[in-house]
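Step one of this worksheet: look at the structure below.
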Amino acid sequence: MSKKIHVTTTVNGDDYEYLCEPQQTLVDVLRNELELTGTKEGCSTGDCGACSVILDGELVCSCLVLAAETDGKSVETIEGMAKGDELHPLQRNFLDLNGLQCGICTPGFLVAAKALLEKNPNPTETEARFWLAGNLCRCTGYDKIVRSVMAAAEEMRGA
Amino acid sequence: MASILDDPKFDPERDLQIVGTNPVKHDGLDKVTGKARFGADFFLPGMLFGRTLRSPHAHAIIKSIDTSAAEALPGVKSVVTRDDFPEIPEGGVAGDMTRTAMAREKALFDGHPVAGVAATSDAIAKRALKLIKVDYEILPHVIDPVDAMKPGAPILHDYLRTKGLDEPSDEPTNVTERMVSKMGDVEKGFAEADFIVERHFDSKPMHQGYIEPQGCVADYSEDGQVELWCCTQAPFVYRDRLSAILKIDGNKINVQQSELGGGFGGKTGFYPEPIAILLSKKANRPVKMVMSRDEVFRGTGPVSGTDYTIKMGVRKDGKITAAQAEIVFQTGIFTGSMYFNGPNAMFTRYDFDNVYIESFEVVSKRPKGNSFREPCVPQIVFGVEGVIDELAKKIGMDPIDLRLKNAATEGYTTIYGETFGPIGFVETLEAAKKCDHYTSPVKPGEGRGIAAGFWFNRGGETSTAMNIAPDGTVTIITGTADVAGSRISIAMMAAEELGIDVDKVRVKMADTNSLGFNRVTAGSRTTFSVGMTVVDNARQCINEFVKRAAEIWDVPEDGVMFENGECRPASANVGEFEPLSIADIAKQTTMSHGAVTASASMNVTGAGPGFGLHIVDVKVDEETGRTDVTRYTVVEDAGKAIHPLQVEGQYQGGAVQGIGWALNEEYVYGEDGRLQNAGFLDYRMPVTSDVPMIDTVIVEVPNPKHPFGLRGVGEVPVVPTMAAIGNAIGNAIGVRPQSLPMSPPKLLEIIEQRDSAQAAE
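As you go down the protein sequences, you meet chains A and B in turn. Under this note's numbering, the letters of the first sequence match residues 1 to 159, in that order. Under this note's numbering, the letters of the second sequence match residues 1001 to 1761, in that order.
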C-alpha cells in the first residue's frame, strides 16, 4: 500500500485536513472521507458533470482531480452554495421554475451555472447551453434548467 | 359504500384550488442543497465496499473460479460466486433472475457478474478482483437478433423452445415466443386500398441513461434479517424477487428506497443488490456496492433492438384499410422484454379494422433487456408513423388530417380487447393542427415532421396510508418510487380533497416492512394510482372528522357536512356551531379517540389511455450527416395536469431522450462480442447545446375514472419522437430513413445513394 498524503484545504470556507491515498480522486474524498455527498459521481470520466465543483475559482469535474492536488487550495461544493437559510438565486429559480426532476444532476448543474454567472453575468441562451454542455441530465430535456439559469442571471443582474 | 374505483366522484365542474397550480415540490429543497440522499449516499458503521468481477466474454462456459488469492488479500472480508447462491433450475423466472444477478453455468454476456468481493476499502476490493482466476471455455456467440434466428446460429440456452408456434417444435432455438395479433381481414383490407406501402425498419439497443449508477448498502444480521438501502423503481418487487432467489422470507428483507437518480425503466430489476446481501451475510458486516458507469453500460438492461416490416394500405379518401407487420424483438439473454407492448400499441390510436401482426422475441448475448419508457413501442412506431406519412404523401393529404381521418374515438375496441372510454386523440390532433409551430412556415433548408403515439397507461397494486397528526397536519406513506417529483402531485391531490394547504401535507416513501405491496413505479401509473388511494385515504379521514364533529356537537352524523377543510352544520336546523377545522378536530379528539388515520390497498383500475403528437423541425448538414433539431413541440393529453410544470417536464424530458435515440444512441459491439462504447463519451446522449427549448401543449380531456380526471403522462412523450424526427429528416433530404439511430454515417450513406440515383436518372 502506498503512503498516504497529507492534504490541507478549505471546503466551502471551512478548513479541512485529511490523509488520502495518492490515487484518490477529489470526488472520492469529498463523498467518502468528508461525507459531503451533495457532489455526485455519475461516470468517473469527466463526461457527465455530476461531480462539478469549483477549485480556486475554476469549474472542474472532481472525478478528474486528485485529492492530493487540492492541497492549499479552496474547493466550493453544492453544500456551500446557500448562505444559511438563504438560497442562492440559482437554487431558488431551479425550485420555482421546476428546473429539476430526479435531482441527481442538480448539484452539478447548479455549481456549473454558478461558475458561468461569475464569469459571464449576462449570457445568451446559446452561451448558457454551451457552458452547461458538460453536464448531463436525462430527465428534464434541459428546457427548465436553462430557463432557471437565465432567470437567475437576470435576477442577479438586477440585484 | 361503493369503492372509489367504481365511484371516483369525478366532477368536471369542481372548483379546484390546488390541483392545476405549480407549488414548489417538497423534495426540491434537499435536491438543490445537496442534502437529498441517493443510492450511493448511505453509510453504516463498519461498512465494507463491494466490487463485482465481470465476464469479458460474450459466451463462455465457466469451468472453474479460484478465489483463494483474493480471499487471502489483507482487507478482503468476503468473496461470493455462483456457489453462494441457492440452486434454482434454469428456465423459469427465478432461474433467469438468479442467473442475471450472477453467472452460473455460463457467462452469457460481456459484463456478466462472475464474482463479488467485499473489502475494507474500495481500492482493496478492486485489487482483489484481479486475483480471482476464472477458467473460461469460450463459445461462439450471437448478438444480432436476426442472426440469432437463423438455422445454425449458436444456441444460448439448450432448454429453450419457442412458445406460440402453430406446430410446436422440440428443436433448441433462440426464439422464446411468437405472438400473432389480428383483427378483421387484412387481405380484404389491402384489396380495398388504392395505395399500398411496405417498408423494412430496424433499431439498435439503447440505454436508459440514468445519471445515477445503481448503488446500495446491504446489512445482513445474524438473525437472518436483511436491511437494504437502494435506488429502485420497485422496492416491493425487489424484496419479493430477492426473497425468491436468495430463499429468505419476504418479511426479513426490508427494502428502503433512496432518492432515485433516474430510472426510466432501468431500475425495475436489481443488479448489485443480491451480491451485496450475500457479501454482507458472509462478512457479517454491512456492504456498500456502487456500480461504475462502465458496469452500468455493460451489465444493465438496454432497450430491445428490433428488425421489422410494416405494410399499410390507404384509399384515396384517406381511410387506411389494412395494416400488417412482422417484428423481431431482441430481448438479451432472457425473455422479459415485454415485447407484447409493441403489437398491442403500435397501431392503437387509429380505428383500424384489419390488422395482422406477427411478433418474435429472440434471446441474444447482451444483458437481459429492461424496460424503458413504453417498452418495445417507440422503436416500432418509428416505422408505423413513417409509413403513414408516406401514405399521406401518396394521396396528397395533410399528415395530421390523415391521422384525424383514422383517429380512434370513444367506443373503439383495440387489438388487445380494450374498448376505449372518453379519449383525447382527436382533441390532441386538433390542438396540434392549430398550434403556433404547425401553422408557422418551415424555414428554408429545414424539414418538418410529425408523428403520433399512444400508451395504455397503467394502474395496479397500490397501498398508501394517511396519518393526521394532533395539530391537523398530514403525512402520507407511499411505497411507490418518486421518479421525477410525484410526491408533490400526491400531496396536492390529498390537500385538494382535504381542503387544506399543500404545505400541511408531506409524503414519505416507506420501507417495505411498513406498508402493503406496491407494484413497480413504471408505465405511467404512479400519480394516477397513488392519486386514487390517497383520495380514498382522505375520504376515509373526512368520514371520521364528520363523525367526531357530530359527537362534539352532539348532533346526528348527517347533520354535519365537510367543506373546504371544515366540518359545518349541514343546515340551520342542526343548530349554530362554529365550523371545526381538521386541526380543531385533531387537537380536540386525538387524545380521547386516537389519531385519525386511514389506509388503502387496492389494485387500481381505470387508467385512461394517453395520446400525443410531436412536431419537429430539423436541419441536416449534407456534408457531415449531422442533424440539428431547430424547433420541437409536444402536444399531449394529460387528462388533467395536477402540476402543469411537472407535466411539461415529462413531455420535454421524453422528447429529448427520443432525440438521443433518434440521432445518436446505440450499443456498438465488436466482433468479439464486447461492448465498445461503454461510457458517456462514446455513448453520446443529448447535452444542453444539442437541443432547443421544447414547447409543450397540454391537452386536457378528463379521464372520468379518476377523482381529478388525470391520465398518466410519462410514457407517451418518447413514443413519437424518433418517428417525427425521421419524417422531418425525410422532408429535409428527400429520403425517409428506415434505420435507428439516424446517425451521421447512416444519413451520409442515404444522401450518397440519393445523389447517385438522381445522377442515374
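The beta carbon of each residue, even a glycine, is placed where N, CA and C say it ideally should be.
CA-to-CA distance, residue 1079/B to residue 1129/B, given in whole angstroms: Between residue 1129/B and residue 1079/B, the C-alpha separation is close to 9 Å.
Integer-rounded CB distance, given that residue 75/A should sit under 8 Å from residue 11/A: 5 Å
Residue 1731/B (DSSP reduced to helix, strand or coil): helix
Beta-ladder partner(s) of residue 1128/B, from DSSP: Per DSSP, none; premise fails for residue 1128/B.
Spatially closest choice to residue 1208/B from 38/A, 139/A, 157/A, by CA coordinates: Out of 38/A, 139/A, 157/A, the CA that lies nearest to the CA of residue 1208/B is found in 139/A.
Proximal chain B residues relative to residue 142/A, where beta-carbon distance stays under 7 Å: 1656, 1688, 1691
Limits of the beta strand (DSSP E) - the one that residue 1200/B falls within: 1195-1203
First and last residue of the uninterrupted alpha helix (DSSP H) at residue 98/A: Where residue 98/A is concerned, there is no enclosing alpha helix (DSSP H), given that its DSSP letter is neither H nor E.
Chain-order list of residues whose beta-carbon lies under 8 Å from that of residue 1585/B (same chain, five-residue window excluded): 1472, 1545, 1548, 1549, 1552, 1567, 1596
Identified DSSP bridge partners for residue 1257/B: Note: residue 1257/B sits in a beta bridge opposite 1230/B.
Which listed residue (1616/B, 1173/B, 1692/B) has its alpha carbon closest to that of residue 1335/B: 1173/B
For residue 1361/B, the nearest candidate out of 1343/B, 1141/B, 1331/B (CA to CA): 1331/B
Rounded straight-line distance, which links the Cα of residue 1376/B to that of residue 1265/B: 12 Å
Cβ-based contacts, 9 Å cut-off: residues of the stretch 88-102 of chain A near chain B: 88, 90, 91, 92, 94, 95, 96, 97, 98, 99, 100, 101, 102
Interface residues of the stretch 128-157 of chain A facing chain B [CB-CB below 9 Å]: Close to chain B, meaning a Cβ-Cβ distance shorter than 9 Å, are the following residues of the stretch 128-157 of chain A: 128, 129, 130, 131, 132, 133, 134, 135, 136, 137, 138, 139, 140, 141, 142, 143, 144, 145, 146, 147.
Separation of residue 1727/B from residue 1721/B, as counted between CA atoms: 10 Å
C-beta contact flag for residue 1729/B and residue 1742/B at 8 Å: yes
Identity of the residue in 134/A, 92/A, 150/A, 156/A nearest residue 42/A by Cα: When C-alpha distances from residue 42/A are compared across 134/A, 92/A, 150/A, 156/A, the shortest belongs to 134/A.
Chain A within 8 Å of residue 1041/B, Cβ atoms only: Under the Cβ distance rule, residue 1041/B counts among the residues neighbouring chain A, one pair being separated by less than 8 Å.
Length-filtered (3 minimum) beta strand (DSSP E) runs lying within the stretch 1391-1446 of chain B: none
Cβ pair count under 8 Å reaching 3, the stretch 1303-1314 of chain B against the stretch 1111-1121 of chain B: Short answer: they don't touch.
Close beta carbons around residue 1185/B, own chain, < 6 Å, minus the five adjacent residues each side: 1354
Endpoints, the alpha helix (DSSP H) within which residue 1541/B is located: Start and end: 1526-1553.
Coil, strand or helix - residue 1330/B by DSSP: Taken through DSSP and simplified to helix, strand or coil, residue 1330/B comes out as strand.
CB of residue 113/A within 8 Å of CB of residue 90/A, strictly: Contact flag set, yes.
Residues near residue 1365/B by beta carbon distance below 6 Å, same chain, minus five either side: 1058, 1059, 1109, 1141, 1143, 1673
Local conformation of residue 1707/B per DSSP, three classes: coil
Within 8 Å, strictly: CB atoms of residue 1697/B and residue 1431/B: yes
Beta-carbon proximity check, residue 1506/B vs residue 1462/B, cutoff 8 Å: no
Where the stretch 19-45 of chain A meets chain B: residues whose CB sits under 9 Å from a CB there: 21, 23, 24, 28, 31, 32, 35, 36, 37, 38, 39, 40, 41, 42, 43, 44, 45
Alpha-carbon spacing of residue 1149/B relative to residue 1270/B, whole angstroms: 29 Å
Alpha-carbon spacing of residue 1667/B relative to residue 1675/B, whole angstroms: 7 Å
Rounded distance between the beta-carbons of residue 1263/B and residue 1304/B, thought under 8 Å: Rounded, the Cβ-Cβ distance is 17 Å, inconsistent with contact.
Selection of the stretch 1280-1300 of chain B by Cβ proximity to chain A, strictly under 7 Å: 1292, 1293
Near-chain A residues of the stretch 1660-1689 of chain B - C-beta to any C-beta below 7 Å: Residues of the stretch 1660-1689 of chain B that bring their beta carbon within less than 7 Å of a beta carbon in chain A comprise 1679, 1680, 1681, 1685, 1687, 1688, 1689, in sequence order.
Whether residue 1388/B touches residue 1500/B by CB criterion (8 Å): no
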